[in-house]
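Letter by letter, the sequence shown follows residues 53 to 318 of my numbering. No residue lacks a Cβ here, since even glycine has one placed at the ideal position from N, Cα and C. Single-structure report; data block below.
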Amino acid sequence: MTTKFLRHFFIISIMTVLAFIFVPTISVKAADAEPVHTNIDTSKKGGNQYITYKLTLDKTEVTDGRVVIGYNGDILELENDSQGIGFSEEDINTKKENGKELFSYAFVNDEKKSAGGTLITLKFKVKDEVFRQDTAIDTQIISINNEDEEVLGNTSLSDTFSAGKSKLKKPEISDITQSILGVYVSWKKDGDADGYYLYRSTSEKGEYVQVAKLSLLTTYLDLSVENRQTYYYKLVAYRGSGDKQDLSDESAPKSVTVKKFWGLFD
């Protein structure tokens with residue numbers, strides 16, 4: 053059995069044991085961890101937010117390496133992964149530990165290789181229920197070697213970014229007035245909202261009943277009002293539909309008392 057074979061067997065075999073152990077490391081910024089760098093890109097498609105993580109390697113002679121990437125599985129859902137350089141043997145494992153999702157990658161080449169480019173690309177979808185918050189993807193370089201020479205070892209990188217949808221703002225009824233036909237209620241639109249539910253009650257602290265659902269308009273004419281009656285209105289913004297619909301807090305109530313006007317509302 054050749055020394056090269058034993059080396060390859062050893063590297064791949066211990067991956068399952070070592071890859072998920074975050075040993076004490078030197079924490080550095082990505083730009084300071086040459087020849088390794090990380091990059092995070094965010095994008096949106098169809099109302100969903102996606103995160104693309106890349107681990108790149110400057111052109112360097114290498115023979116083997118081991119990397120572990122950790123992320124919050126309550127926020128990010130891994131959709132796919134890819135490896136860009138290509139080595140003789142590559143091994144991937146995933147594991148959940150202490151609430152963190154871990155993705156491990158090991159590679160070994162038959163002989164030293166002058167390699168450069170993207171080692172790993174991970175594409176995540178931000179989970180639908182997540183509201184905007186900071187999160188991080190942590191990268192631990194266990195070791196990258198060129199035969200017996202350590203190119204980089206015991207180094208951790210951390211990329212922090214914001215993920216998730218913004219919380220809907222609490223709406224505010226800007227104006228409420230009586231007209232000849234009924235009661236006009238108006239408000240300003242929040243760009244994050246798809247529309248609004250308008251509720252009405254005859255008592256400020258009583259039961260409110262939905263009188264309208266509006267997506268494009270920011271004004272509603274309530275025709276079903278009676279003379280000498282005080283009405284209280286509340287507004288709730290919504291985004292999405294069905295089980296995935298988000299609702300804002302209720303607006304403060306605003307009231308109007310309907311009065312006889314040119315013989316109407318008798």
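Candidates the options: closest to residue i by CA position
{"i": "K165", "options": "N145, G151, N150 and G138", "result": "G138"}
{"i": "T170", "options": "Y123, K111 and E129", "result": "K111"}
{"i": "I193", "options": "L275, L273, N150 and E86", "result": "E86"}
{"i": "D162", "options": "K221, E142, E181 and T271", "result": "E142"}
{"i": "L209", "options": "E113, G99 and I121", "result": "I121"}
{"i": "W239", "options": "L287, Q135, D180 and T187", "result": "L287"}
{"i": "S300", "options": "E199, F183, G98 and E131", "result": "F183"}
{"i": "D227", "options": "N145, A304 and G98", "result": "A304"}
{"i": "T191", "options": "Y249, N124, D246 and G294", "result": "N124"}
{"i": "D93", "options": "I144, V160 and F213", "result": "F213"}
{"i": "I232", "options": "L266, D298 and K312", "result": "K312"}
{"i": "V263", "options": "V235, R252 and T271", "result": "R252"}
{"i": "D200", "options": "V88, V160 and L128", "result": "V160"}
{"i": "I272", "options": "V235, G294 and E278", "result": "According to the sequence displayed, residue 272 carries Tyr and not Ile. Closest option to Y272, Cα to Cα, is V235."}
{"i": "G136", "options": "T146, L109, V277 and E113", "result": "L109"}
{"i": "T187", "options": "S276, G243 and L128", "result": "L128"}
Rounded distance between the beta-carbons of residue j and residue i, thought under 8 Å
{"i": "Y105", "j": "T90", "result": "7 Å"}
{"i": "Q281", "j": "V310", "result": "5 Å"}
{"i": "D211", "j": "L174", "result": "Between L174 and D211 the Cβ distance is about 11 Å, and since that is not below 8 Å, they are no contact."}
{"i": "T115", "j": "N197", "result": "6 Å"}
{"i": "Y157", "j": "V203", "result": "Between V203 and Y157 the Cβ distance is about 16 Å, and since that is not below 8 Å, they are no contact."}
{"i": "Y284", "j": "E256", "result": "5 Å"}
{"i": "L130", "j": "F176", "result": "6 Å"}
Whole-angstrom distance between residue j and residue i, CA atom to CA atom
{"i": "K96", "j": "G292", "result": "15 Å"}
{"i": "E302", "j": "K148", "result": "39 Å"}
{"i": "S218", "j": "Q230", "result": "35 Å"}
{"i": "T254", "j": "I189", "result": "52 Å"}
{"i": "Q185", "j": "K306", "result": "33 Å"}
{"i": "V308", "j": "K241", "result": "22 Å"}
{"i": "P76", "j": "E224", "result": "Here the model assigns P76 a pLDDT of 43, short of 50, so the residue's position is not dependable and the matter cannot be decided."}
{"i": "V178", "j": "E153", "result": "14 Å"}
{"i": "G216", "j": "D126", "result": "11 Å"}
{"i": "I172", "j": "G117", "result": "12 Å"}
{"i": "D274", "j": "A245", "result": "22 Å"}
{"i": "D318", "j": "L269", "result": "For D318, the predicted model reports a pLDDT of 49, less than 50, meaning its position is unreliable; a value from the coordinates is still stated below. If you take the alpha carbons of D318 and L269, they lie about 29 Å apart."}
{"i": "Q297", "j": "Y290", "result": "7 Å"}
{"i": "E181", "j": "Y248", "result": "20 Å"}
{"i": "I144", "j": "G294", "result": "38 Å"}
{"i": "G43", "j": "L250", "result": "The chain is shown only over 53 to 318; residue 43 falls outside these bounds and no answer can be derived."}
{"i": "F155", "j": "L107", "result": "13 Å"}
{"i": "S323", "j": "G98", "result": "Summary: the structure shown does not reach residue 323, with the chain confined to residues 53 through 318, and so no result is reported for it."}
Identity of the residues DSSP links to residue i by a beta bridge
{"i": "L128", "result": "V178"}
{"i": "N100", "result": "K97"}
{"i": "K106", "result": "N91 and T173"}
{"i": "D200", "result": "Answer by DSSP bridge pairing: none, since D200 is not bridged."}
{"i": "S307", "result": "Y284"}
{"i": "N145", "result": "S156"}
{"i": "I193", "result": "V119 and T207"}
{"i": "R252", "result": "V261 and Y285"}
{"i": "T271", "result": "S238"}
{"i": "Q185", "result": "A215"}
Distance cut-off 7 Å: residue i Cβ against heavy atoms of the ligand FMN
{"i": "S134", "result": "The model on display carries no ligand, and the ligand FMN is accordingly not part of it."}
Beta carbon proximity, residue i to chain C, threshold 8 Å
{"i": "Y236", "result": "Protein chains in the displayed structure number just one, and chain C is not present."}
Runs of beta strand (DSSP E) wholly within the region 204-244 (minimum 3 residues, chain order): 225-230 and 235-239, all fully within the region 204-244.
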